[in-house]
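Accompanying notes for the structure given below.
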Amino acid sequence: MDVAPVMTPSKPTIASAATGVPRAGRRRALAPLEPVSARARWLLGLGFFVVFVMVWSLFTLGGLVSPTFLASPVTMVKEGVRLFVEYNFIHDIGMTVWRVFGGFILATVVAVPLGIAMGTWKGVEAFFEPFVSFCRYLPASAFIPLLILWAGIDEAQKLLVIFIGSVFQVTLMVAVTVGGARRDLVEAAYTLGANSRGIVARVLIPGAAPGIAETLRLVLGWAWTYVIVAELIGSSSGIGHMITDSQALLNTGQIIFGIIVIGVIGLISDLAFKALNRRLFAWSTL
Amino acid sequence: MNQLSIRGVSRTFSAARGRTTQALLPIDFDVRENDFVTILGPSGCGKSTLLRIVAGLDYPTEGRVLLDGQSVEGPGADRGVVFQSYTLFPWLTVAQNIRFGLRERGMSEAEQKERSDFFIAKVGLRGFEGHYPKQLSGGMQQRTAIARALANDPKMLLLDEPFGALDNQTRVLMQELLLGIWESARKTVLFVTHDIDEAIFMANRVAVFSARPGRIKTEIAVDFAHPRHYTIKTSPKFMEIKARLTEEIRAESLAAAQH
Chain B
7 MDVAPVMTPS KPTIASAATG VPRAGRRRAL APLEPVSARA RWLLGLGFFV VFVMVWSLFT
67 LGGLVSPTFL ASPVTMVKEG VRLFVEYNFI HDIGMTVWRV FGGFILATVV AVPLGIAMGT
127 WKGVEAFFEP FVSFCRYLPA SAFIPLLILW AGIDEAQKLL VIFIGSVFQV TLMVAVTVGG
187 ARRDLVEAAY TLGANSRGIV ARVLIPGAAP GIAETLRLVL GWAWTYVIVA ELIGSSSGIG
247 HMITDSQALL NTGQIIFGII VIGVIGLISD LAFKALNRRL FAWSTL
Chain P
16 MNQLSIRGVS RTFSAARGRT TQALLPIDFD VRENDFVTIL GPSGCGKSTL LRIVAGLDYP
76 TEGRVLLDGQ SVEGPGADRG VVFQSYTLFP WLTVAQNIRF GLRERGMSEA EQKERSDFFI
136 AKVGLRGFEG HYPKQLSGGM QQRTAIARAL ANDPKMLLLD EPFGALDNQT RVLMQELLLG
196 IWESARKTVL FVTHDIDEAI FMANRVAVFS ARPGRIKTEI AVDFAHPRHY TIKTSPKFME
256 IKARLTEEIR AESLAAAQH
């Protein structure tokens, strides 16, 4: 009989928490792992940019730092317009985008089949894995001087930097994804009469496809950082080249504008990639 | 005629530091064509290991398994398997899952469709052909898995606690569904379970497994007429068999708990 009086008052609390009574809403927003609404998410995300620009304006327009070292947001926008109007900046952007995608696609063409083979056949994995793991830690930017010696300073060298920076990463990540296939699905396929070829083509690859696509999205983000490094040295076009030129002229407005353009293009390609993955592999996000 | 012959099959697993665990003592067991045999045993007794060996997904340490006189060397389409875990391919729809084996075999599209439509209707999933597994309940997923195994037209159907993860009400309905399919299609069935009611209701023959190391301790014939109605579960005869099996299983569960 002791239990009953204790239980009764606690019951309504449980019920209201489960049904999400509005009164509790304010407190629950700060509860761990509690989701926020789509509108609040947008506002919060936008809020950071507003705060960032405000602090930046305060320091530059308020005269706290010298304009030689840091341009104000207003100068940055003006310089950005000048870049497009006077310096044909759209050509630089085009060159950079082409290098990123060119190098990245080359890396994908090599790395995805190799990664699938490594994930599928343990012998292939044993053969390549130590070498690929070793290469993964070689900094792509350190190869630039060597690549200039080998490939000169034209496009091939730029593409190779992206290629070296991405190919080993993609290979290993694809191998891990494929190797982590659900064993019970493989067994089920065998009992349905599949042979080794059927297992690879119709169980391992489709099962790993969303993970592979996600890997590519991630590594494409890294490719953007390599391309700028490649363009800083021995280049006559591209966003990275523009940034080096602007540094010589102490034009921080153009440098910052270039960095922001890279960020925006990166964000757009990432969102597009994400939307494509979601569309292609709807089953994995059900 | 014996369709499946298990001849002196034993299984020993090697564990860490050179130690070994004997999962199965040598087993001799036969299953006749069109028989419905349930293997009943406490958990961890090795009954699933035996089923996996028959399926060709595991290998006996000694002995061999013969299917229609041919030695079993690996998994194949002649033995359809339904697992306890949900093993539908998540990237394929219900209809595509059911056609998986047919496609592997290179059957024509028209024939694939005809067969999958037939089995979809048989397991009561009409209207769900285009659904993905994640959009289905557990019971519907297992019905699809049964249809997928049957569509391949195997000689035998092997089921490893297929309804173990389902709630009680769904499980009972699934038992009736499977039994109804067996009554009309007459496949040879080997069905592993730890549920006594399930073992009796479905089977013509119940093989009781001992605690590990597993061996077949007793066999009980169940001769209720077909088609069976769920009401037989409360008949005195059913109760009598159940009482007997309960004693057998209890002794084994106690033995297992003492290890």
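These protein sequence lines are chains B and P, in that order.
Going by the working numbering, the first sequence runs without a break in its numbering and finishes at 292.
Going by the working numbering, the second sequence runs without a break in its numbering and finishes at 274.
By construction, the Cβ of each residue, glycine as well, lies at the ideal position given by its N, Cα and C atoms.
Cβ-based burial, residue i [other Cβ within 10 Å; buried from 16]
{"i": "Phe90 of chain B", "result": "exposed"}
{"i": "Val207 of chain P", "result": "buried"}
{"i": "Ala24 of chain B", "result": "Bear in mind that the predicted position of Ala24 of chain B carries a pLDDT of just 44, short of 50, making it too unreliable to give a figure here."}
{"i": "Val27 of chain B", "result": "Below a pLDDT of 50, predicted positions are generally treated as unreliable, and Val27 of chain B, at 47, falls in that range; no measurement from the model is reported."}
{"i": "Leu205 of chain P", "result": "buried"}
{"i": "Pro136 of chain B", "result": "exposed"}
{"i": "Ile266 of chain B", "result": "exposed"}
{"i": "His244 of chain P", "result": "exposed"}
{"i": "Gln276 of chain P", "result": "The question about residue 276 of chain P has no answer here: the residues shown for chain P are numbered 16 through 274."}
{"i": "Ala10 of chain B", "result": "Because the pLDDT of Ala10 of chain B is 42, which lies under 50, any placement of that residue in the model is unreliable, and the question is left without a value."}
{"i": "Thr291 of chain B", "result": "exposed"}
{"i": "His209 of chain P", "result": "buried"}
{"i": "Gln273 of chain P", "result": "exposed"}
{"i": "Leu152 of chain B", "result": "exposed"}
{"i": "Arg186 of chain P", "result": "buried"}
{"i": "Glu3 of chain B", "result": "With chain B represented from 7 up to 292, any question about residue 3 of chain B goes unanswered, as that position is not in the structure."}
{"i": "Lys164 of chain B", "result": "buried"}
{"i": "Lys137 of chain P", "result": "buried"}
{"i": "Glu92 of chain B", "result": "exposed"}
{"i": "Gln85 of chain P", "result": "exposed"}
{"i": "Arg67 of chain P", "result": "buried"}
{"i": "Met189 of chain P", "result": "buried"}
{"i": "Ser131 of chain P", "result": "buried"}
{"i": "Arg47 of chain P", "result": "exposed"}
{"i": "Ala214 of chain B", "result": "buried"}
{"i": "Pro90 of chain P", "result": "buried"}
CB contact flag (residue i, residue j, <7 angstroms)
{"i": "Thr85 of chain B", "j": "Gln253 of chain B", "result": "Checking the sequence shown, residue 85 of chain B turns out to be Glu, not Thr. It is not a contact, given that the beta carbons lie outside the stated cut-off."}
{"i": "Met124 of chain B", "j": "Ile262 of chain B", "result": "no"}
{"i": "Leu165 of chain P", "j": "Phe216 of chain P", "result": "no"}
{"i": "Arg220 of chain P", "j": "Val24 of chain P", "result": "no"}
{"i": "Leu210 of chain B", "j": "Val235 of chain B", "result": "no"}
{"i": "Val206 of chain B", "j": "Thr102 of chain B", "result": "no"}
{"i": "Val87 of chain B", "j": "Val173 of chain B", "result": "no"}
{"i": "Gly240 of chain B", "j": "Ile159 of chain B", "result": "yes"}
{"i": "Leu117 of chain P", "j": "Gln127 of chain P", "result": "yes"}
{"i": "Arg163 of chain P", "j": "Ile113 of chain P", "result": "yes"}
{"i": "Val80 of chain P", "j": "Val97 of chain P", "result": "no"}
{"i": "Thr203 of chain P", "j": "Asn49 of chain P", "result": "yes"}
{"i": "Arg227 of chain P", "j": "Gly59 of chain P", "result": "yes"}
{"i": "Ile211 of chain P", "j": "Leu172 of chain P", "result": "no"}
{"i": "Gly199 of chain B", "j": "Glu119 of chain P", "result": "yes"}
{"i": "Pro169 of chain P", "j": "Asp93 of chain P", "result": "yes"}
{"i": "Thr108 of chain P", "j": "Asp190 of chain B", "result": "no"}
{"i": "Asp98 of chain B", "j": "Gly244 of chain B", "result": "yes"}
{"i": "Glu198 of chain P", "j": "Val223 of chain P", "result": "no"}
{"i": "Pro79 of chain B", "j": "Trp62 of chain B", "result": "yes"}
{"i": "Ala219 of chain B", "j": "Phe169 of chain B", "result": "no"}
{"i": "Pro57 of chain P", "j": "Glu213 of chain P", "result": "no"}
{"i": "Phe65 of chain B", "j": "Val59 of chain B", "result": "no"}
{"i": "Leu67 of chain B", "j": "Thr258 of chain B", "result": "no"}
Residues bridged to residue i (per DSSP)
{"i": "Gly175 of chain P", "result": "The identity of residue 175 of chain P in the sequence shown is Asp, whereas the question assumes Gly. Answer is P:Val207."}
{"i": "Glu77 of chain P", "result": "P:Ser25"}
{"i": "Glu234 of chain P", "result": "P:Ala222"}
{"i": "Leu19 of chain P", "result": "P:Val46, P:Leu82"}
{"i": "Arg94 of chain P", "result": "P:Met171"}
{"i": "Phe51 of chain P", "result": "P:Val204"}
{"i": "Gln37 of chain P", "result": "P:Thr27"}
{"i": "Gly229 of chain P", "result": "P:Leu39"}
heavy atom of the ligand ATP below 6 angstroms from residue i C-beta
{"i": "Val176 of chain B", "result": "As presented, the structure is devoid of all ligands, the ligand ATP included, so that no description of it is given."}
Practice task
Taking 8 angstroms as the threshold, find out whether the region 136–147 of chain B comes into contact with the region 274–281 of chain B through three or more Cβ pairs.
Solution key: Using a C-beta cut-off of 8 angstroms, the region 136–147 of chain B makes no contact with the region 274–281 of chain B, since fewer than three inter-stretch Cβ pairs fall below that distance.
Problem - Three CB pairs or more closer than 8 angstroms across the region 59–66 of chain P and the region 157–176 of chain P - result: Look at the beta carbons and you see the region 59–66 of chain P touching the region 157–176 of chain P: at least three pairs across the two are nearer than 8 angstroms.
Exercise for the section: Could you tell me which uninterrupted alpha helix (DSSP H) segments, each at least 4 residues in length, are contained entirely in the region 98–141 of chain P, listed from first to last along the chain? Expected result: DSSP runs (the alpha helix (DSSP H)) wholly in the region 98–141 of chain P: 109–113, 115–119, 124–137.
Practice task
Entirely within the region 85–172 of chain B and at least 4 residues each: give me those alpha helix (DSSP H) ranges in chain order.
Solution key: You should have 95–126, 128–142, 150–157.
Practice task
Inspect the CB distances between the region 140–159 of chain P and the region 216–234 of chain B and report whether three or more fall short of 8 angstroms.
Solution key: At 8 angstroms Cβ cutoff, the stretches do not touch.
Handout entry: the region 254–267 of chain P in contact with the region 230–238 of chain P per 3-pair CB rule at 8 angstroms
Key = A contact exists between the region 254–267 of chain P and the region 230–238 of chain P.
Practice task
Answer yes if the region 65–77 of chain P comes into contact with the region 22–41 of chain P, meaning at least three C-beta pairs across the two stretches below 8 angstroms, and no otherwise.
Solution key: Taking 8 angstroms as the limit for Cβ pairs, the verdict is that the region 65–77 of chain P does touch the region 22–41 of chain P.
Practice task
Let me know the alpha helix (DSSP H) ranges lying completely inside the region 171–241 of chain B, each 4 residues or longer, listed in chain order.
Solution key: Those alpha helix (DSSP H) runs which fall completely within the region 171–241 of chain B and span 4+ residues are 189–197, 202–205, 211–238.
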